[in-house]
Amino acid sequence: MPTRPVRLCAALLIATLNLLPLYAQAADASAPPPAASAVHALAQTYGAGRLSQAELNTAEQSAVAVLVRQNLRALDPDGRLGPEGIKALSTRLGADIRPAVRQVFAALRPADMTAEFETTLSGTLSQQDADSLLTYWRTPAGQRYLRFSHALDDLAANGLSRLISTPISFSRDQMPPPAVQQQRRGLLAMSTGLNTRAPHAAIEGVILDWLALQNGPALDRLGQQYQADLPAFVRFQASAPAQALARAQARWASQQGRRIEPLIQQADQALAPRRTGWQSLARHWLSDPNIGK
237 MPTRPVRLCA ALLIATLNLL PLYAQAADAS APPPAASAVH ALAQTYGAGR LSQAELNTAE
297 QSAVAVLVRQ NLRALDPDGR LGPEGIKALS TRLGADIRPA VRQVFAALRP ADMTAEFETT
357 LSGTLSQQDA DSLLTYWRTP AGQRYLRFSH ALDDLAANGL SRLISTPISF SRDQMPPPAV
417 QQQRRGLLAM STGLNTRAPH AAIEGVILDW LALQNGPALD RLGQQYQADL PAFVRFQASA
477 PAQALARAQA RWASQQGRRI EPLIQQADQA LAPRRTGWQS LARHWLSDPN IGK
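Here it is, written out as structure tokens:
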């Protein structure tokens, strides 16, 4: 039996799709910064350690996917490998690239990333923001919000990781009814993790449709579980303290991205000795007379 879709009201959908532009609003520079103890408590309550580990895991997966696609394109620029050849070469590339990426990324420590997150919070939030967030998150409703937010961010992060390694491809007959797809898009737009990883234009349109399609049943279940809370969650995300937190998380994610880019290049350079073997395997498949048949 198909999952019964959550009946998100139009106001909920509109509100969630309009959250991201608010993240770019400037912080109030005149407000006093939060005390260090408040920042630490805020980071612990929000799950900054979990956030850092998730960021690191996603970065590693993305780096492997990027390097596999990059090298596969270099080895088969004309796209002459058949499905079996692509599968064999991708498997070999992944097996060689994954350990190299893991070794290079060992320089990134989740504890350091968490400390940087606290520093970013200190430079973005006011004491009033920190107090408001802590007060809300310590309520039963706030605890439900954190569980919802973590589950939604996990879905979004997994979807983005697959998106890097998988071409966007879906036909109209795969799409659910428009109302169901809009409900899923509305939920995805509530993911702070998704919004801090992609520009607004990328979240809209075909990419958001793809993520909603790939994660459809899980999004439906999550929406059903928190159906009664969703309007209140949207109001919280639109609040000034939540917007300040989203700005901090976006800045922190951007900082981590700048640290990760040179590590990907370093891993790629370390893989130079492997390329002869990759080229030999590619030639084997390209010389097969059955390729393309």
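Each residue of the sequence shown is one higher than the one before, starting from 237 at the first, in our numbering.
Where is the CB? At the ideal position from N, CA and C, for every residue including glycine.
Source: prediction; values computed, not measured.
Q485 and W521 have their C-alpha atoms roughly 45 Å apart. Going by beta carbons, A393 and T327 fall outside the 8 Å limit.
Inter-residue distance for D504 and E296 is about 13 Å (C-alpha atoms, whole angstroms). Between T375 and S288 the beta-carbon gap is near 25 Å, outside 8 Å, which marks them as no contact. Here the stretch 301–320 does not lie against the stretch 357–366, with fewer than 3 beta-carbon pairs under 8 Å apart. Comparing alpha-carbon positions, the option among G318, Q379 and I333 lying closest to G513 turns out to be I333.
Shortest Cα-Cα distance from V470 to any of L382, Q450 and P498 involves L382. When R511, G422, P509 and S358 are compared, the shortest CA-CA separation from L444 is found for G422. For T371, the enclosing alpha helix (DSSP H) stretches over residues Q363 to W373. In this structure the stretch 488–506 touches the stretch 336–344; the number of beta carbon pairs closer than 8 Å is three or more. A straight line joining the alpha-carbon of G359 with that of S273 spans about 14 Å. Per DSSP, the continuous alpha helix (DSSP H) segment holding R420 begins and ends at P414 to L424. With respect to the 8 Å criterion, F384 and Y462 are classified as neighbours on the basis of their beta carbons.
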